[in-house]
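Here's the structure we're looking at; comments come further down.
There are 2 protein chains.
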Amino acid sequence: MRAKTETRRQAILDAAAVVFQETGFERTTMAAICERLGYSKATLYNYFASKEELFSAVVFEATEAEFQATLEALDATVEDMTEALQKFGRGLLTLLYSPQVQAVRRLIVAEAGRSELGKKCYELGPVRNEAAAAAFLQHAMDTGQLRQADARIAALHLRGLLEAEGLDRFLFQTLEPISAEEINATVARAVAAFMAAYGPVQA
Amino acid sequence: MRAKTETRRQAILDAAAVVFQETGFERTTMAAICERLGYSKATLYNYFASKEELFSAVVFEATEAEFQATLEALDATVEDMTEALQKFGRGLLTLLYSPQVQAVRRLIVAEAGRSELGKKCYELGPVRNEAAAAAFLQHAMDTGQLRQADARIAALHLRGLLEAEGLDRFLFQTLEPISAEEINATVARAVAAFMAAYGPVQA
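Structure below.
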């Protein structure tokens, strides 16, 4: 029973991914997704309460692998802190500025007031990300690779610095496609500022 | 003629502010605003092309005074840089986290894909803010109160640090009302990190 449920859920996600890609979020209907699957509307709504919920599930699935890879960059045994943070930053910005994640973030911001979607995505995304980054920074503080500070605040400051250059452009939708080169330069500047603020105290 | 145009525009803004406040953005119609004014729809649309444009004009007018006060905190003759940046930060976060500005930011993010509203607001808000902050920081670098760096990037990093703690909560709409005390503490932490990164090089 469990397996069947999982199989159906996956089938819905696969079909929805194709339909969203073909017709865009606005013009996609739950009916169109049902049609492709040969499922009844009742079955579909049994798995996903709304088009918004389905869309965010599609995107989370699509980005989960990249998200995990980003977290792996936070290797606690790393020796060069600047390099580790740059790797983390490049992964994070590449993820955040991908058209797919930009689209879902925008949807979430727009929908958040009308549903529980915002809170759910907040817990799946930023909360997990922040906790992993804070644990990594705490370890680096304990081993003297960073100066002692509040690791949660340090994680938020790191994130704030990484997003600083692109954020307003994202919010106001003037964000042009960003090249890997630009991301590297942005990340290098952010990590340099972070290390100046949180790096080990010079003897 | 010019004066009459200005008078009418102001009358529309005043009436719209009342109607938006009474009925909320969603349920407000351009017809309801016309009715209150005794104007024809054609007249109203002559001044504002859409409800969204009218709403953002209302909010910009309402927040302009505060915005200017925030910029005044960037007094180039200031002696204590930390104090000046904290004053700027408190003004900025108080403005950004006010229910009024939160509402318009959310609207802009949601609408930005569908109209020119995002770009227009981007130029009115962040671009002006960033330019003023960069000019202030450049002056402080020139007088040795901050170390030499790219002033535009420094301004973006300052902004990123100031917004770091509240941003995800804003985007995902889990931002509870913030007290002046919390804003002060958030700003103090952000400015401390900024000064560690950009403060004068210790002799």
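Residue numbers (UniProt numbering), protein chains in the order written: chain A, 1 to 203; chain B, 1 to 203. In this text, a Cβ means the ideal position worked out from N, Cα and C, and glycines have one as well. The structure displayed is predicted, hence computed values, not measured ones.
Boundaries of the alpha helix (DSSP H) harbouring Gly91 of chain B: 81-96, taken from the DSSP string. Taking C-beta atoms under 8 Å as the contact rule, Ala76 of chain A and Phe88 of chain A fail to qualify, at a distance of about 12 Å. Neighbourhood of Glu163 of chain A in chain B, by CB distance below 8 Å: Gly160, Leu167, in chain order. It is roughly 31 Å from the alpha-carbon of Tyr45 of chain B to the alpha-carbon of Ala103 of chain A. When the five nearest sequence neighbours on each side are left out, the beta carbons in the same chain lying within less than 6 Å of the beta carbon of Ala133 of chain B are those of Ala155, in order along the chain. The contact set of Leu156 of chain A on chain B, defined by CB atoms closer than 7 Å, consists of Ala164, Glu165 in chain order. DSSP places Ile33 of chain B inside the alpha helix (DSSP H), whose first and last residues are 30-37.
Excluding five sequence positions before and after Leu71 of chain A, the CB atoms of its chain that fall closer than 6 Å to its own CB belong to Ala132, given in chain order. In this structure, the alpha-carbon of Ala193 of chain B lies about 39 Å from that of Ala17 of chain B. The beta carbons of His139 of chain B and Leu161 of chain A sit no closer together than 8 Å.
Counting C-beta pairs with one atom in each stretch, the region 11-31 of chain B and the region 48-56 of chain B have three or more that are closer than 8 Å, which means they touch. Using beta-carbon distances, Pro126 of chain A counts as an interface residue toward chain B, with a partner under 8 Å. Considered as a whole, the region 155-190 of chain A harbours 167-171 as its complete alpha helix (DSSP H) runs of no fewer than 4 residues, in chain order. Taking each of B:Arg152, B:Glu182, B:Ile178, B:Arg128 in turn and checking the Cα distance to Glu64 of chain B, the smallest one comes out for B:Arg128. Distances from the CA of Val59 of chain A to each of A:Ala69, A:Phe20, A:Leu171 were compared; the closest alpha carbon is that of A:Phe20. When Cβ-Cβ separations below 8 Å define contact, Ile183 of chain A makes no contact with chain B. When DSSP states are grouped into helix, strand and coil, Leu74 of chain A belongs to the coil group. DSSP, read as helix, strand or coil, puts Arg152 of chain A in helix. Not a single CB atom of chain A sits nearer than 8 Å to the CB of Tyr47 of chain B. Straight-line spacing of the CA atoms in Val187 of chain A and Met195 of chain B works out to 19 Å. Put simply, the backbone Cα of Ser40 of chain A is about 6 Å away from that of Cys34 of chain A.
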